[in-house]
Amino acid sequence: MSANRPLQRLAARHATSVILSLALLATVLLLTGLASPLVVRVGIGTLISVVLVVGLFIFVGNSGILSFGHLGFATVSAYATAWLTMRPAMKKMLLPGLPEFILSAQWPSFLATLASGLLAGLVALASGVFIMRLSGVAASIATLALLAIVNTVYANSDAVTGGVGSLAGIPTGLGIWTVLGWAVFAIVVAHIHATSAAGLALKSCREDPIAAEACGIRGFRVRLLAYVLSGFVCGIAGNLQARYLGVISPDSFYFGATLLALAMLIVGGMFSLTGAVAGVVAISVAMEVLIRLEGSIELFGFTVSIPAGTANFLIAAAMCVALVKRPQGLVGDREITLPASLLGKLDRHASNSKNNVGTTTVENTL
Amino acid sequence: MKGKIFLRRLATACAGAGIASAAVAPAFAEEMKVGFAIAQSGWMEAYDKGATQAALLAIEEINAKGGLLGQTLKPVIEDTRTDLARAAQAGQTLLADGVGVMIVSCDYDMGSPVALAAESAGIISIFLCAADIKAGVQGIGPHSYSASSVANAEGATMAEWSYTKRKARTGYVLVDTTIQYDRSLCAGFDWMFPQFDGAKVVGEDTFKNGDTSIASQITRIKALPAQPDVIMLCSYIPGAASVARQLRAAGITSPILNGTAMDGDYWLDSAPGLKDFVGLAKGSFRGDDPRPDVNAFAERYKAKYGALPVNQSVFDGYVAIQLWAKAVEKAGSFDSEAVVKVLDSFKDEPSLLGPRTFTPDVHIQTQIPFLVTDIVDGKSKVIDQFTISKNIPLDVLLAK
Amino acid sequence: MMLNLAQNLIDALSLGSIYALTALGIGMIFSVMRLVNFAQGNYIAFCAFALLVPAGEGISRPFIGLLPGWALVPVVIALGMLLAMASEILLFRHLRGAQPATMMIASFGLGSALQNLLLMLFGSRPIAINLWPALTQPVMIGSLMVPRLQLVILAVTALALVALTLFLRRTRFGTAMRASSENFLMARMLGVPADRVILVAFGISGALAATASLLTLPQTGIADIRMGDGILLVAFVATVVGGLGSLTGAVLSAYLIGLVSVFLQIALPLAARPYRDAFVYAAVIAVLMLKPDGLFSADRRSQRI
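Just so you know, the protein sequences line up as chains U, X and Y, in that order. For reference, each letter of the first sequence is one residue, going 6 to 371 in my numbering. For reference, each letter of the second sequence is one residue, going -1 to 398 in my numbering. For reference, each letter of the third sequence is one residue, going 69 to 373 in my numbering.
Following this line, the structure appears as structure tokens:
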């Protein structure tokens, strides 16, 4: 094929992740250049959601199995972050049950991020060995059960987690460039995985499990790989969240946060990396705008107060409308990529199979 | 919703009062901004609203007397929406606005992002009514205080009161594990009760606030050889009301002890005919407080906001501003370090609710007088006033 | 000891009944349209608040709640049915053919909208409702003292199950519904009116939510906007553990989860008791590993949410 044009091939293959990363970079440049520090803070929060939802996409998007368990990995990682980075004096007081070598540890933030991400990946591996033997709805419920288990364990192990209440004192000062770096990392990892042999095999299991098995694809293995990888990336998101707020609690990573992350993915387009990013941006921006509207507004000289809950009501309603209007998500199952003309003489077929993986039509029971 | 207009109007009113007093004050008089990062929406709003209103009342009263050190206090309010990320943002907004002191949410969980931000800016933060030892030096830093008392103190008060005044010798502990407050509340009871001669905790059980039924917990109580003299129920609305209803429905008549979380009458419809439900209060706003000052405060509050306070956090909100203002006056400066020094030296400093003590290690009350209340004819009534005989040590408060 | 055992059994059954009614509501809709309806829990809260006049924070008072039982029950059930049917007509009907995941997230959106609507109307503070206080009085059965309410819960649930079974087995519509849940596409081709079958399924699930609400309220005495959330999670799990598409399975697993919860509450030592739910969910994973299609699954088609 076009082996003599490696650059073009490379461009075609990585177009999606490069374009998405550049778009985020441009936004961040715009924010840091023009916006107030407060808006930049909102930007940091949104980028952390990008890491989380892209992490979720690595498993959910490619396997077609809804996972409720990934915020559990974020929990594991966020608490690991606290263990590794809090001041030892504070840990001795608040988390006396930790072993001595952790009590005295105070790791640099980058190492702590990697380590807590890896711990999340490890928990994903340990649980995935069981749960990934399941498929379909049974797997979904098993991940939900996993989330409940993680939440219950962390909320009640007071000596090492501080219990059900908040644990404060995690060093903050997370800059937007660091978060952008991790968001780009997540996108690149997700894209490389989706276009790798394992990612394609997983998609084939999603489309037709029986045919895939017949072609020699081992569903369990490719599912487990995606699950662990996405557990790791969601773990990174948990670490960033902890460093962003400086405060964590088991319930801030529970069912509500899980459904919000899933909603972002599905509103954007469940089977598309571009969709994952678009969904985060769309929902975050909508929430920001609507929340600013709440409070009281001036109408013809009268102050009309809007009752609490209105913004959240409108966000939920807007989400329903968006789903009705675009049941496949905002971008459907497509990926953003370079136009064919730009890719020159590159073999169309190769580009399609690498970037687009055909049109996804999941068989529907209706 | 109404509260929102209210706060805004009040803020304008305060600003107005500020201008008026500025006219008579020396020419250099300025404003000192008091930041409020509190929940005006979400479930936390129910707790923050009254406390904030009381704090605003305190500010208004200070301004009416010519302000603090010649400066007018100007409240600036940001909504945390009962959300950690939003709370952190609210805190940043207020710090950027140049507030001189930061008043934060009632709850340690919701208030901590704001308090931490204030701490790293070297600004004093005061939790309106957090009952956790962590809301202070231990969980935030040396510039952070809580206007309230530790939950453990309430549990300990119930233990000593029921032992001395009700001759309780056997206690049963029923703890709602959903929030930290209730765990600490029961921990206080567990620490104090067995210290008395012949007193024993005969059983303990847990439940979650959202549990639809606590039938199996009840069955375990009924399996005891004798009904316990008292049941320490550490929980909050709605779970606590539901448990009280279920306990009485099952024919368990032991007095139920609780902390301050259930003060008020509004939930009594859910357990009609309830008797022997003993709770605690910092103060009473039903006119039966033994201290005239507190009754007068309740009247002023009612005159201002059109209704009596609905929960105990209101008193803490008033005391928060009162103590801070006293310390500023004594220090003769708004400088955080100077104010912290004075606050840490407060020993039995008089406040609306009685003596208040801080030390460099403990920025929350551990031994204060409580009113004891009971339900009489479907109404909550003050029946006693009680202070525990020993201070709860720091290591007990931090024990896991 | 025997007495305790009997009492514990009644506790477990009455807890399981509330789960079962909700699981049935979820299972009903799932079997005809592969939708996992997360709004079912919010239907329960909605029905509880329907008893009150919205008047804002802390001052909402009973309105429908003051009606005598014979009038109150049908009104609340009708409201529950209307709400569920309205959600089908206004939302889910427009998502026919969408991914099950999309429908599920839409139902989450609907539930969130409902919850915030209640927040706007009633404020965030739970409201005390003293519904049928006489039901909380205990009765003696031999030497066993049982709250009357537990018996009522058992009886009403049994009645609802029997009525539903008769409806599904003896009426034309019920047959159409069972056919649809076996194979929706085939049923549709054979002339089963799809939209009407789905609408009726929603009506029934709304009625079940109202029933669960009316049985929960006398027990707790409190209406809270989040009151359905905990029940929903358990019911959802029960529906899957029982085998999606099998209504009997959903009901039986709901009772099983109630039984396991109560058993753990009794058997676990105090230190481990706060971890109760972790044990319950670990058991759920174990069951799924052993029987991925559910304990009582009707068919072995693989499904995805």
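All C-beta atoms, glycine included, are put in the ideal place defined by N, C-alpha and C.
Report the residue from the options whose alpha carbon sits nearest the alpha carbon of residue i.
{"i": "X/P270", "options": "X/Y45, X/W159, X/S378, X/E28", "result": "X/S378"}
{"i": "U/A85", "options": "U/S72, U/G74, U/L100, U/L71", "result": "U/L100"}
{"i": "Y/G296", "options": "Y/N76, Y/G109, Y/G93, Y/L89", "result": "Y/G109"}
{"i": "X/A294", "options": "X/D267, X/F313, X/E43, X/L278", "result": "X/F313"}
{"i": "X/Y234", "options": "X/R246, X/I254, X/A305, X/N207", "result": "X/N207"}
{"i": "X/N309", "options": "X/L278, X/Q320, X/D393", "result": "X/L278"}
{"i": "U/N244", "options": "U/K97, U/L179, U/N317", "result": "U/L179"}
{"i": "U/A31", "options": "U/A17, U/C210, U/R18, U/G48", "result": "U/G48"}
{"i": "X/F125", "options": "X/V394, X/S311, X/D393", "result": "X/S311"}
{"i": "X/A53", "options": "X/Y264, X/W322, X/F275", "result": "X/W322"}
{"i": "Y/V308", "options": "U/A147, U/G221, U/M292, U/G170", "result": "U/A147"}
{"i": "X/T176", "options": "X/M156, X/L183, X/F205, X/Q193", "result": "X/F205"}
{"i": "U/L29", "options": "U/M95, U/V189, U/Q333", "result": "U/V189"}
{"i": "X/E28", "options": "X/K388, X/G68, X/W41", "result": "X/G68"}
{"i": "X/G237", "options": "Y/I353, Y/I209, Y/T288, Y/I299", "result": "Y/T288"}
{"i": "X/K183", "options": "X/A239, X/I131, X/C232", "result": "In the sequence as presented, Lys is not what sits at residue 183 of chain X; that position holds Leu. Measuring from the Cα of X/L183, the nearest candidate turns out to be X/C232."}
{"i": "U/T315", "options": "U/V169, U/R297, U/L328, U/V326", "result": "U/R297"}
{"i": "Y/M101", "options": "Y/A255, Y/V230, Y/T90", "result": "Y/A255"}
Once you ignore the five residues that flank residue i on each side, which residues in its own chain have a CB closer than 7 Å to its CB?
{"i": "Y/V224", "result": "T279, L283"}
{"i": "Y/V330", "result": "N76, D79, A80, L83"}
{"i": "Y/A275", "result": "I145, G148, M149"}
{"i": "X/A115", "result": "A86, G89, Q90, L93"}
{"i": "Y/E125", "result": "Residue placement at Y/E125 cannot be trusted, given a pLDDT of 49 that sits under 50; what the coordinates show is reported in the next sentence. Closer than 7 Å at the Cβ level, and outside the excluded window around Y/E125, lie G191, R193."}
{"i": "U/A242", "result": "I53, V56, L57, G60, A79"}
{"i": "U/L108", "result": "P93, K96, K97"}
Answer with buried or exposed for residue i, where buried requires no fewer than 16 other C-beta atoms within 10 angstroms of its C-beta.
{"i": "X/D77", "result": "buried"}
{"i": "X/E297", "result": "exposed"}
{"i": "Y/L338", "result": "exposed"}
{"i": "U/M134", "result": "A small fix is needed here, since residue 134 of chain U is Val in this sequence, not Met. That one is exposed."}
{"i": "U/A131", "result": "exposed"}
{"i": "U/G60", "result": "buried"}
{"i": "X/E335", "result": "exposed"}
{"i": "X/D393", "result": "exposed"}
{"i": "X/D180", "result": "buried"}
{"i": "Y/P286", "result": "buried"}
{"i": "U/Q111", "result": "exposed"}
{"i": "X/C399", "result": "Chain X is shown from -1 up to 398; residue 399 of chain X falls before or after that span and cannot be answered."}
{"i": "U/L264", "result": "buried"}
{"i": "X/K163", "result": "exposed"}
{"i": "Y/L163", "result": "buried"}
According to DSSP, what are the bridge partners of residue i?
{"i": "X/C232", "result": "X/V173"}
{"i": "Y/P215", "result": "Y/P206"}
{"i": "Y/I293", "result": "Partner(s): none; Y/I293 has no beta bridge."}
{"i": "X/T210", "result": "Paired residue(s): none; X/T210 is not in a bridge."}
{"i": "Y/S180", "result": "None, per the DSSP bridge assignment."}
{"i": "X/Q383", "result": "X/L369"}
{"i": "X/S144", "result": "X/F125"}
{"i": "X/D203", "result": "X/L172"}
Considering only residues of the same chain and omitting the five flanking positions on each side of residue i, which have a CB-CB separation below 8 Å?
{"i": "X/P358", "result": "V135, P140, D342"}
If contacts are defined as beta-carbon pairs under 8 Å, then residue i and residue j qualify, I think. What distance do you get, rounded to the angstrom?
{"i": "X/A56", "j": "X/Y316", "result": "5 Å"}
{"i": "U/T21", "j": "U/I271", "result": "That belief does not hold up - the Cβ atoms of U/T21 and U/I271 are roughly 19 Å apart, past 8 Å."}
{"i": "U/S1", "j": "U/G122", "result": "Any answer about residue 1 of chain U is impossible in this case: the structure gives chain U only from 6 up to 371."}
{"i": "U/F64", "j": "U/A203", "result": "12 Å between Cβ atoms; not a contact."}
{"i": "U/A144", "j": "U/I70", "result": "5 Å"}
{"i": "X/V200", "j": "X/F187", "result": "X/V200 to X/F187, Cβ: 13 Å. No contact."}
{"i": "X/E152", "j": "X/G257", "result": "4 Å"}
Which residues in the same chain have their Cβ closer than 6 Å to the Cβ of residue i, if we skip the five residues on either side of it in sequence?
{"i": "Y/G326", "result": "A80, L83, G84, Y87"}
{"i": "Y/I221", "result": "S82, S85, L283"}
{"i": "U/A87", "result": "L172, I175"}
{"i": "X/A329", "result": "A336, V337, V340"}
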